[in-house]
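Engineer: One structure coming up, written as structure tokens, with questions to follow.
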Amino acid sequence: MDDDGRMLADVVEYLVCPVCGADLAMADRGLSCPVGHTFDIARQGYANLLPGNARPGTADTPEMVRARDAFLSAGHFAAPAERLARSVARTLEGEAFVLDAGAGTGYYLGQVLDRSPDATGLALDISKHAARRAAKAHPRAGAVVADLWRPLPLRDGAARIVMNVFAPRNAAEFHRVLHVDGLLFSVTPSPRHLGPLVEPLGLISVDERKTERTDAALAGYFKLDTRQSIETEAVLTHDEIATLVAMGPSAHHVPAERLRERLDRLPEPLPVPLSVVLSVFRRLD
């Protein structure tokens, strides 16, 4: 197996056809099911498992993915990533499959697999631009393009861990693909996240009831097991703040030239709180 499909070969046993639900298998430079549906593996190493009638919707743009890769690679979110990785590693024994649902560039999955040497992982994201980077995020990680709001291209009970970091939550599908003894790890921003930047730059603010709404979205499928706040601070230049804004949803709402005008009014460098909530949920029967 060449490098393009090497990691998908290691996780293909967990994948199913997004069209008919049959098991997928490696076939030359692609994936196929017994019915005859085939899916190419891109030269970057990921497979596009979106059905033909799917629409990319709000998939991250190449600019957003580049910004996210740059900001995360600089280590600004290292503390929450390390806390997540340690928490996941404590729950895993032996060989295990980890799904990162809404994985982006695969940064968080890479951190988890570094601390879990017997685990393999799959980065799932609707953006092909993100999947290209996620396919190279770790030697034990594969990547596919798929929509979190559709049935996930995974077998029932395939994953020991489902990770969901700053991404949409499909409670029913997370419940279906999670092993009966598996855990869901959710990372969401708190209302304090990026606080000093929100009003001056016109960024999208975090709902004060964000955690409560997350619990409500998962109710009936999961019960809360543990929860912890992770509070860190990054001292950022204006360029770094611009990169931070460009990688998230506010990139769609604040034009670059207006962002620069607003940044010029702020001190430099500027301490910025990075405040997130790490919640662990158990699967209900």
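Each step along the sequence shown adds one to the number in the UniProt record's numbering, with nothing skipped, and position 141 is 141.
By construction, the Cβ of each residue, glycine as well, lies at the ideal position given by its N, Cα and C atoms.
Runs of 3 residues minimum, wholly inside the segment 38 to 75: which ones carry the beta strand (DSSP E) assignment?
Structural biologist: For the segment 38 to 75, whole beta strand (DSSP E) runs of length 3 or above, ordered along the chain, are 38 to 40.
Engineer: From L259 to D285, what distance separates their C-alpha atoms?
Structural biologist: Straight-line Cα distance between these residues: approximately 48 Å.
Engineer: So S190 packs on V206, CB below 8 Å; how close in whole Å?
Structural biologist: Contact holds; Cβ gap of about 7 Å.
Engineer: What do you reckon, are the CB atoms on G182 and A159 nearer than 8 Å?
Structural biologist: Taking 8 Å as the Cβ cut-off, G182 and A159 qualify as a contacting pair.
Engineer: With burial defined as no fewer than 16 other Cβ atoms inside 10 Å of the residue's Cβ, what is the status of K128: buried or exposed?
Structural biologist: Buried is the call here.
Engineer: If you reduce the DSSP assignment to three classes, tell me which class G182 lands in.
Structural biologist: If DSSP states are grouped into helix, strand and coil, G182 belongs with the strands.
Engineer: DSSP three-state call for F281: helix, strand or coil?
Structural biologist: Looking at F281 - three-state DSSP - the assignment turns out to be strand.
Engineer: Report the option in T211, T237, L203 whose CA atom is closest to the CA atom of Q228.
Structural biologist: Selected option, being the one with the closest Cα: T211.
Engineer: Bridge partners for D125 per DSSP, in chain order?
Structural biologist: The partner list for D125 (beta bridge, DSSP) reads V145.
Engineer: Quick one: grab the DSSP three-state call for V254.
Structural biologist: Of the three classes helix, strand and coil, the one that applies to V254 here is coil, per DSSP.
Engineer: Thinking C-beta only, is P273 closer than 8 Å to R192?
Structural biologist: Contact flag set, yes.
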